[in-house]
Amino acid sequence: MEFDIRYRSYTFKHSYSATPDMDEERFKEHYHTSYEILYLVQGDADLLLQNTRYTIKPGSLLIIKPGEYHNILFRSDAPYERYVIRIDPMNLHRNMPRLLSHTKSVYNISGTPIEYEFRQMDQHIASVHPDVRVDACLGSLYLILSYLTSSDNLIQQADYVNEDFRQILDYIDSHIAEIHSTEDLTKGMHMSKSTLYRFFSMQMKIPVMTYIRTQKCLLARNYLLEGVSPTEVSTRLGFTHYSSFYRDYQQIFHTSPGNNRE
Numbered sequence: 002m003e004f005d006i007r008y009r010s011y012t013f014k015h016s017y018s019a020t021p022d023m024d025e026e027r028f029k030e031h032y033h034t035s036y037e038i039l040y041l042v043q044g045d046a047d048l049l050l051q052n053t054r055y056t057i058k059p060g061s062l063l064i065i066k067p068g069e070y071h072n073i074l075f076r077s078d079a080p081y082e083r084y085v086i087r088i089d090p091m092n093l094h095r096n097m098p099r100l101l102s103h104t105k106s107v108y109n110i111s112g113t114p115i116e117y118e119f120r121q122m123d124q125h126i127a128s129v130h131p132d133v134r135v136d137a138c139l140g141s142l143y144l145i146l147s148y149l150t151s152s153d154n155l156i157q158q159a160d161y162v163n164e165d166f167r168q169i170l171d172y173i174d175s176h177i178a179e180i181h182s183t184e185d186l187t188k189g190m191h192m193s194k195s196t197l198y199r200f201f202s203m204q205m206k207i208p209v210m211t212y213i214r215t216q217k218c219l220l221a222r223n224y225l226l227e228g229v230s231p232t233e234v235s236t237r238l239g240f241t242h243y244s245s246f247y248r249d250y251q252q253i254f255h256t257s258p259g260n261n262r263e
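In this note's numbering, the protein residues as written are 2 to 263.
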């Protein structure tokens with residue numbers, strides 16, 4: 002059964018395509034400001050995630066975190082059926098932040114209780130009152146995440162890891178407040194601009210500073226949720242002017258930094 006339930010910051014979706022769209026030009030690497038959980042029921046594809054590539058098949062479960070650039074490339078025109086859950090980090094409840102922080106990127110859940118809980122969502126949508134459908138699906142989501150945190154044997158390793166690009170991403174994570182330009186990054190990495198641009202154009206097809214500004218704003222949101230003032234967040238993350246921080250934050254989240262404080 003197909004469904005698409007949206008309520009505030011939550012999306013629960015089950016969809017089917019007899020033939021997937023295989024036009025790579027239409028699907029570029031992108032990111033979300035929310036968590037995206039995708040369970041592949043049918044399909045044959047590769048997941049490109051930051052500096053890694055995974056082969057995904059029926060039974061694969063993907064956990065894509067906010068700010069992770071990713072893309073799905075189909076290897077064949079096999080039918081594409083999937084469950085998709087999206088959750089805004091601004092509205093996580095109870096112990097869900099802890100559960101999500103312990104998840105890995107890709108799992109194989111074939112024949113497990115996790116697979117059963119996805120199927121239960123169809124039953125929830127068909128059987129329960131519309132007013133409590135989201136609550137019922139959230140119950141399944143909590144169980145799914147709880148199973149995952151104690152299921153290390155289900156973790157799927159990447160089929161390919163670009164170690165050179167991983168070092169660049171790690172350096173950005175560790176020095177993000179100090180990076181104001183590509184020159185700051187190339188000097189810190191002892192790397193030429195042409196090499197840096199080549200890595201980003203090959204792996205994510207975006208300008209390096211676009212990636213850095215995105216990561217700064219995602220980190221800023223975490224600080225704001227902890228109660229840090231917007232001006233202090235701007236300073237911590239190395240923005241020269243508060244107006245620059247405000248503009249970048251507004252562009253990514255479509256709201257001002259002051260509206261994202263608890």
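No residue lacks a Cβ here, since even glycine has one placed at the ideal position from N, Cα and C.
Opening and closing residue of the beta strand (DSSP E) in which residue i lies
i	result
Arg7	Phe4 to Tyr8
Phe254	Note, Phe254: premise wrong, no beta strand (DSSP E); alpha helix (DSSP H) at Tyr243 to Phe254.
Lys217	Taken as a continuous stretch (DSSP letters only), Lys217 belongs to no beta strand (DSSP E), being part of the alpha helix (DSSP H) at Val209 to Leu226.
Ser235	From DSSP, Ser235 is part of no beta strand (DSSP E) but of the alpha helix (DSSP H) over Pro231 to Arg237.
Asp47	Ala46 to Leu50
Ser18	Tyr11 to Ser18
Contacting residues, own chain, Cβ-Cβ under 6 Å from residue i (five flanking each side not counted)
i	result
Ile57	Leu41, Ala46 and Leu48
Ser18	Tyr81
Thr53	Ala159 and Val162
Ser111	Gly60
Close Cβ partners of residue i (< 7 Å) along its chain, the five nearest in sequence each way excluded
i	result
Leu142	Ile86
Gln51	Glu69, Tyr70 and Leu170
Pro67	His33, Thr34, Ser35, Tyr36, Pro90 and Leu219
Tyr247	Ser257 and Pro258
His103	Thr150
Leu74	Glu25, Ala46, Asp47 and Leu49
Proximity of residue i and residue j at Cβ, strictly below 8 Å
i	j	result
Leu149	Ile115	yes
Arg222	Phe254	yes
Gln216	Ile173	yes
Pro98	Tyr36	no
Leu155	Asn109	yes
His191	Met122	no
Glu118	Leu144	yes
Gln43	Val107	no
Glu30	Asn96	no
8 Å Cβ cutoff, residue i in contact with chain D
i	result
Ile253	Of the chains in the structure shown, none is chain D; there is only one protein chain.
Distance between residue j and residue i (C-alpha atoms, nearest Å)
i	j	result
Leu93	Arg199	37 Å
Cys138	Ser230	34 Å
Asp78	Ser182	42 Å
Asp136	Ile88	13 Å
Thr232	Tyr243	7 Å
Phe13	Ile6	5 Å
Tyr224	Val234	7 Å
Asn260	Leu226	10 Å
Bridge-paired residues (DSSP) for residue i
i	result
His31	His71
Asn109	Ser61
Leu39	Leu63 and Val85
Cβ neighbours of residue i in the same chain (closer than 8 Å, five flanking residues each side left out)
i	result
Val209	Thr183, Leu186, Leu197, Tyr198 and Phe201
Ile177	Ile213, Gln216, Lys217, Leu220, Leu238 and Gly239
Met2	His15, Asp123, Ile126 and Ala127
Continuous alpha helix (DSSP H) stretch holding residue i: start and end
i	result
Lys188	Thr183 to Met190
Gln204	Lys194 to Gln204
Pro114	Pro114 to Ser128
The ligand GDP heavy atom lying under 7 Å from the CB of residue i
i	result
Thr187	Summarising the ligand content, the structure contains no ligands, and the ligand GDP is consequently not present.
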